[in-house]
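The structure appears right after this line, and notes come after that.
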């Protein structure tokens with residue numbers, strides 16, 4: 001079983017398929033490396049696709065110390081995987097927790113990023129919900145630690161932005177829920193405490209985000225309510241970004257709508273590689289309604 005080694009010695013299990021321009025897929029809190037299967041199957045036809053299980057997710061190592069988990073460490077781990085594979089630059093694709101990691105990857109290591117696909121990122125970013133999000137994240141961490149993933153996954157998998165997936169694709173949703181039930185109790189709890197509850201709001205990073213010139217695609221489901229406004233905010237701030245809103249869709253974008261997700265991502269990557277995904281034309285003034293002179 002292949003592993004990359006993080007800066008602090010933690011082993012990160014990764015999988016890869018295909019050849020060509022590399023794409024690194026970073027999973028969400030409720031997923032692991034298996035969550036990107038529809039994308040690896042599709043994109044490995046013409047790309048070198050890599051995904052990995054974050055620290056705290058078996059078969060990667062599961063540190064018992066919460067201080068071994070943070071947003072910055074998550075970016076460092078992604079870089080460690082690329083370094084291990086000898087990859088200088090890659091398209092970075094992330095969902096939710098992985099979407100935050102992708103954004104921070106672009107801010108911290110723009111020279112290693114061919115592009116950024118930031119999907120379903122926004123929970124805890126809205127300033128009016130910031131304190132609530134931190135509190136509920138710690139409560140969720142306690143549930144994973146005390147009840148265990150096998151039990152608490154039954155609740156977590158039925159969140160307000162997960163039921164769309166269950167309604168459309170009960171079989172796919174059940175596979176997602178079953179994988180979640182297999183997660184490490186301590187790994188899930190520490191990830192929630194160290195990464196989710198502690199990451200900065202993207203609204204506090206506005207200056208850094210505005211300075212980022214890496215081509216970016218932001219994707220959000222229209223029923224993933226707490227990602228909609230953060231998605232618009234990132235669209236307005238990232239210089240070379242586009243925003244795709246998927247209709248009647250919740251949080252688990254890549255699994256809930258795999259064909260549409262793949263289509264949008266494939267077109268984005270093709271545009272980037274053709275040099276045609278550029279910063280917004282300065283003539284497209286956001287404050288203008290109609291041109292009169």
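In full-length UniProt numbering, the protein residues as written are 1 to 293.
Positions of the beta carbon are idealized from the N, C-alpha and C atoms, including for glycine.
query: Any idea what DSSP makes of residue 130, helix, strand or coil?
result: helix
field: residue 123 versus residue 133 - alpha carbon distance
entry: 7 Å
- request: Give the range of the alpha helix (DSSP H) segment to which residue 315 is assigned.
  value: Absent from the structure is residue 315, since the part of the chain shown begins at 1 and ends at 293.
Stretch pair the region 194-202 + the region 165-174: three plus CB contacts closer than 8 Å: no
Anticipated Cβ contact below 8 Å, residue 27 with residue 71, distance rounded: Incorrect: roughly 15 Å between the Cβ atoms, too far for contact.
field: the region 17-25 / the region 39-47 touching (three or more Cβ pairs under 8 Å)
entry: yes
query: Expressed to the nearest angstrom, what Euclidean distance is found between the alpha-carbon atoms of residue 188 and residue 217?
result: 28 Å
message: Would the region 232-242 count as touching the region 143-158 if we require 3 or more Cβ pairs under 8 Å?
response: no
query: In whole angstroms, what is the alpha-carbon distance linking residue 128 and residue 226?
result: 11 Å
field: For residue 114, the first and last residue of its enclosing beta strand (DSSP E)
entry: 113-119
- request: Would you give the residue range spanned by the alpha helix (DSSP H) that residue 80 belongs to?
  value: 71-84
- request: Measure from the alpha carbon of residue 181 to the alpha carbon of each residue in 1, 57, 3, then state which is nearest.
  value: 57
Beta-carbon gap between residue 262 and residue 66 smaller than 8 Å: no
- prompt: If you count every other CB in all the chains shown that lies within 10 Å of the CB of residue 126, and 16 or more means buried, which is it?
  reply: buried
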